Amino acid sequence: MDRSGLARYVLAATLARLADGGGVLAVILLCVAGSHSAAWAGTLAACITLPHLAGPFIARRLDTSHDGRRVIAAACLIHTGLIVAATLTFSRVPLPVTGVLLTGAGLCGPLLTGGISSLLPAIAGRSRQSQRRAHGWDVATYGLGGTVGPSLVAALAAWFSPPAALYALAGATLMAVFFIMRIPYASGDAGSENRQVPGSVATMMLLVRNVRLRRTLYLTLATAFCVAVLPITAVGLAPSLGVAATTAASLTIAYGGGNLAGSACLMVRPLGGEPDALMVRFACFIAAGVFLIMFNMHFAVLLLLFFVIGMLNAGFFAATLAARSEYSPPDCRGQVFVWVGALKITAGALGTAAAGRLMLMDITLPLAVGSIALAVFTGLAVTELTLASPQPGNRDKRDG
0 MDRSGLARYV
10 LAATLARLAD
20 GGGVLAVILL
30 CVAGSHSAAW
40 AGTLAACITL
50 PHLAGPFIAR
60 RLDTSHDGRR
70 VIAAACLIHT
80 GLIVAATLTF
90 SRVPLPVTGV
100 LLTGAGLCGP
110 LLTGGISSLL
120 PAIAGRSRQS
130 QRRAHGWDVA
140 TYGLGGTVGP
150 SLVAALAAWF
160 SPPAALYALA
170 GATLMAVFFI
180 MRIPYASGDA
190 GSENRQVPGS
200 VATMMLLVRN
210 VRLRRTLYLT
220 LATAFCVAVL
230 PITAVGLAPS
240 LGVAATTAAS
250 LTIAYGGGNL
260 AGSACLMVRP
270 LGGEPDALMV
280 RFACFIAAGV
290 FLIMFNMHFA
300 VLLLLFFVIG
310 MLNAGFFAAT
320 LAARSEYSPP
330 DCRGQVFVWV
340 GALKITAGAL
350 GTAAAGRLML
360 MDITLPLAVG
370 SIALAVFTGL
380 AVTELTLASP
390 QPGNRDKRDG
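Here it is, written out as structure tokens:
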């Protein structure tokens with residue numbers, strides 16, 4: 000493994016994902032600070048998240064480019080420019096114009112997340128252990144982006160102003176360009192002029208036909224849907240726990256801490272075995288952990304459960320990264336990373352929305368629905384694995 004290359008990768012990925020993770024909160028705070036634009040907070044926040052769905056149709060450029068780093072660096076520069084423009088012109092131009100600028104920035108988001116991950120195999124080395132250790136670092140950058148990003152935005156907005164927080168995020172993305180262009184890159188993996196790179200629709204069909212990639216996709220979506228109910232449920236449990244909503248929110252912090260702790264464990268002791276089996280194993284434990292929350296109304300026990308589920312989700316995420324890396328054809332690996340990442344974000348959004356509706360009927364109902372949904376898809380994966388009786392030597396022949 001190229002240690003210096005990995006260090007530059009971690010810096011680049013962390014900076015880019017800080018911007019992606021903190022963007023929604025920064026936009027909401029910007030709108031709330033303006034008395035005439037508070038009603039637009041949800042709409043403008045959606046402008047930065049919904050475009051992730053279009054990411055797979057942009058990601059083909061990663062696989063056709065001779066140097067994928069340039070594509071991602073360009074996306075970072077465009078993201079920076081649009082965020083700065085949206086912030087500078089906010090309240091000076093009609094809000095739909097701001098929405099268009101934020102939508103453009105949102106279109107760059109998939110390249111700042113899953114797109115960067117597609118560069119990791121060239122750094123990790125050939126051995127499975129070194130690649131798995133690199134995946135642990137990658138999981139950590141996602142965790143930092145999702146926790147430090149919003150925390151940084153909240154702090155800067157409180158100390159200075161919401162625009163200052165957005166400028167800081169834009170600066171982080173700009174700094175990421177410096178490190179992205181210094182990541183080692185194997186041009187032969189993406190730049191062969193004679194090969195045919197599948198289109199976005201063909202790549203999606205590959206995800207459906209290839210049994211291992213299909214399993215990776217539906218387990219990723221089911222797990223994202225399941226864990227997305229946790230933040231909403233954490234606050235809703237406050238009355239049952241006899242604590243304030245702000246205290247109950249510390250359950251979410253425990254989940255984030257568990258995710259980072261799990262990432263650290265993966266760096267020290269990488270996952271071993273086939274990604275297929277690893278994903279199923281972690282999904283089973285996550286479903287069980289979410290289900291157990293319904294029967295524990297002691298705050299200390301719930302803190303531990305949320306922490307452990309966070310650790311398990313870090314392991315599951317690392318297993319999905321390994322699956323995307325090892326099971327994807329080199330010709331469309333970048334697109335596979337972005338497709339799965341974009342659909343994962345969608346599944347998480349659906350989980351959050353469903354939890355918000357279901358908790359009006361019963362506070363534990365989102366937990367039941369999330370854990371049962373994940374258990375069903377995990378059962379499907381177990382059935383497929385049992386029927387397939389996979390033989391490692393026939394992997395390529397079977398998956399085509």
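Going by numbering that gives the first Met the number 0, the sequence shown opens with residue 0, and the numbers climb by one from there.
Beta carbons are placed, not taken as given, at the ideal position from N, Cα and C, and that holds for glycine.
Here the structure is a predicted model, which means the values were calculated and not measured.
Own chain residues within Cβ distance below 6 Å of A12, not counting five before or after | The residue labelled residue 12 in the question sits at position 13 within the sequence shown. Within the same chain, A12 has close Cβ partners I115, T140.
Could you tell me how far apart the beta carbons of G271 and M310 are, in whole angstroms, since I believe they sit closer than 8 Å?
-> Counting from 1 along the sequence shown, the entry for residue 271 is found at position 272. Counting from 1 along the sequence shown, the entry for residue 310 is found at position 311. Incorrect: roughly 17 Å between the Cβ atoms, too far for contact.
Quick one: what does DSSP say R181 is sitting in, helix, strand or coil?
-> Walking along the sequence shown from the start, residue 181 turns up at place 182. It is coil, neither helix nor strand.
Determine contact between the segment 60-73 and the segment 340-352, defined as no fewer than three beta-carbon pairs at a distance below 8 Å.
-> no
Leaving out five residues before and five after D188 in sequence, what residues of the same chain have Cβ atoms less than 7 Å from its Cβ?
-> Counting from one through the sequence shown, the residue named residue 188 turns up at place 189. At D188, the pLDDT of 45 sits below 50, so the modelled position is not reliable; the number obtained from the coordinates is stated separately. Result list for D188: A121, P329, in chain order.
With 16 other CB atoms within 10 Å as the buried threshold, where does L386 fall?
-> Here the question's residue 386 lines up with position 387 in the sequence shown. It is exposed - the Cβ of L386 has fewer than 16 other Cβ atoms within 10 Å.
Given a threshold of 16 other Cβ atoms within 10 Å of its Cβ, counted over all protein chains shown, does S126 qualify as buried or as exposed?
-> Counted from its first residue, the sequence shown places residue 126 at position 127. That one is exposed.
Exposure of T382, with buried meaning 16 or more beta-carbon neighbours within 10 Å = Indexing the sequence shown from 1 puts residue 382 at position 383. Exposed.
Mark R211 as exposed unless 16 or more other C-beta atoms lie within 10 angstroms of its C-beta, in which case mark it buried.
-> For the purposes of this step, residue 211 is taken as residue 212 along the sequence shown, with counting starting at 1. R211 comes out buried.
Just how far apart, CA to CA, sit A18 and M174?
-> Working through the sequence shown from its first residue, we reach residue 18 at position 19. Working through the sequence shown from its first residue, we reach residue 174 at position 175. The straight-line gap from Cα to Cα measures roughly 11 Å.
In the structure shown, what three-state DSSP assignment does A189 receive?
-> As a position in the sequence shown, residue 189 is number 190, starting the count at 1. The predicted model places A189 with a pLDDT of 41, which falls under 50 and marks its position as unreliable, so this point remains unresolved.
Check whether the Cβ atoms of A104 and L81 sit closer than 8 Å, and answer yes or no.
-> Residue mapping note: residue 104 aligns to position 105 of the sequence shown, counting from 1. Residue mapping note: residue 81 aligns to position 82 of the sequence shown, counting from 1. Yes, the Cβ-Cβ distance between A104 and L81 is below 8 Å.
Just the Cα atoms here: how many angstroms apart are L168 and G21?
-> Within the sequence shown, residue 168 is the residue found at index 169, counting from 1. Within the sequence shown, residue 21 is the residue found at index 22, counting from 1. About 7 Å.
Pick helix, strand or coil for A380, following the three-state DSSP scheme.
-> Taking the sequence shown and counting its residues from 1, one reaches residue 380 at position 381. Correct three-state label for A380: helix.
S324, buried or exposed, once every other Cβ within 10 Å from all chains shown has been counted against 16 = Taking the sequence shown and counting its residues from 1, one reaches residue 324 at position 325. Buried is the call here.
G347 versus D137 - alpha carbon distance | The count along the sequence shown starts at 1 and reaches residue 347 at position 348. The count along the sequence shown starts at 1 and reaches residue 137 at position 138. So the two alpha carbons sit approximately 19 Å from each other.
In angstroms with no decimal places, state the Cα-to-Cα distance between L379 and L87.
-> Counted from its first residue, the sequence shown places residue 379 at position 380. Counted from its first residue, the sequence shown places residue 87 at position 88. Going by the C-alpha atoms only, they are around 50 Å apart.
Are the segment 139-156 and the segment 278-285 touching, with three or more C-beta to C-beta distances below 8 Å?
-> no
Backbone CA spacing between G261 and G142 [nearest angstrom] = Sequence index remark: in the sequence shown, residue 261 carries index 262 (1-based). Sequence index remark: in the sequence shown, residue 142 carries index 143 (1-based). Computed Cα separation, rounded: 10 Å.
Quick one: using the 10 Å Cβ neighbour count with 16 as the cut-off for buried, is Q195 buried or exposed?
-> By 1-based counting over the sequence shown, the position of residue 195 is 196. Burial call: exposed.
Just the C-alpha distance for G4 and T351, rounded to the nearest angstrom, thanks.
-> Here residue 4 is taken as the residue at index 5 of the sequence shown, counted from 1. Here residue 351 is taken as the residue at index 352 of the sequence shown, counted from 1. Just so you know, the alpha carbons of G4 and T351 end up roughly 36 Å apart.
Using the beta-carbon count (16 or more within 10 Å), is A301 buried or exposed?
-> For the purposes of this step, residue 301 is taken as residue 302 along the sequence shown, with counting starting at 1. Reading off the sequence, residue 301 comes out as Leu, not Ala. Result: buried.
Span of the alpha helix (DSSP H) holding P93?
-> Residue mapping note: residue 93 aligns to position 94 of the sequence shown, counting from 1. Premise fails: P93 is in no alpha helix (DSSP H) and is neither H nor E.
Taking only beta-carbon positions, decide if R208 is within less than 8 Å of chain C.
-> Protein chain content of the structure displayed is limited to a single chain, and chain C is not contained in it.
Three-state secondary structure assigned by DSSP to I362 | Position 363 of the sequence shown holds residue 362. Coil at I362, not helix or strand.
Are the beta-carbon atoms belonging to S327 and V335 less than 8 Å from one another?
-> Position 328 of the sequence shown, counted from the first residue, corresponds to residue 327. Position 336 of the sequence shown, counted from the first residue, corresponds to residue 335. Contact flag set, yes.
According to the neighbour-count rule (16 or more other Cβ atoms, all chains shown, within 10 Å of its Cβ), is S191 buried or exposed?
-> As a first step, residue 191 is located in the sequence shown; it is residue number 192 there, counting from the start. Reliability of the predicted coordinates at S191 is poor, the pLDDT of 43 falling under 50, and no value is obtained from them.
Buried/exposed call for S239, threshold 16 Cβ in 10 Å = Stepping through the sequence shown from its first residue, residue 239 is reached at position 240. The residue is exposed, with fewer than 16 neighbouring Cβ atoms inside 10 Å.
How about L366 and F290: are their beta carbons less than 8 Å apart?
-> The residue labelled residue 366 in the question sits at position 367 within the sequence shown. The residue labelled residue 290 in the question sits at position 291 within the sequence shown. Yes, they are a contact pair.
Give me the Cα-Cα distance between I57 and F298, rounded to the nearest whole angstrom.
-> Start at 1 with the first residue of the sequence shown, and residue 57 comes out as number 58. Start at 1 with the first residue of the sequence shown, and residue 298 comes out as number 299. Between I57 and F298, the C-alpha separation is close to 45 Å.
Note down the Cα distance separating A84 from L303, rounded to an integer number of angstroms.
-> Looking up residue 84 in the sequence shown gives position 85. Looking up residue 303 in the sequence shown gives position 304. Approximately 43 Å, taken between the alpha carbons.
The alpha helix (DSSP H) spanning F315 covers which residue range?
-> What you label residue 315 is simply residue 316 of the sequence shown in a count that begins at 1. It spans 298-326 - the alpha helix (DSSP H) in which F315 sits, taken as one unbroken run.
Quick one: grab the DSSP three-state call for V242.
-> What you label residue 242 is simply residue 243 of the sequence shown in a count that begins at 1. Taken through DSSP and simplified to helix, strand or coil, V242 comes out as coil.
Mark H454 as exposed unless 16 or more other C-beta atoms lie within 10 angstroms of its C-beta, in which case mark it buried.
-> The structure shown has nothing for residue 454, since the chain only spans 0 to 399.
Skipping 5 residues on each side, what residues in its chain have a beta carbon closer than 8 Å to that of A25?
-> In the sequence shown, the residue the question calls residue 25 occupies position 26. Cβ within range, chain order: V152, A156, P161, A164, L165, L168.
Is the distance from the Cβ of T97 to the Cβ of L43 below 8 Å?
-> Here residue 97 refers to the residue found at position 98 when the sequence shown is read from its first residue. Here residue 43 refers to the residue found at position 44 when the sequence shown is read from its first residue. Contact: yes.
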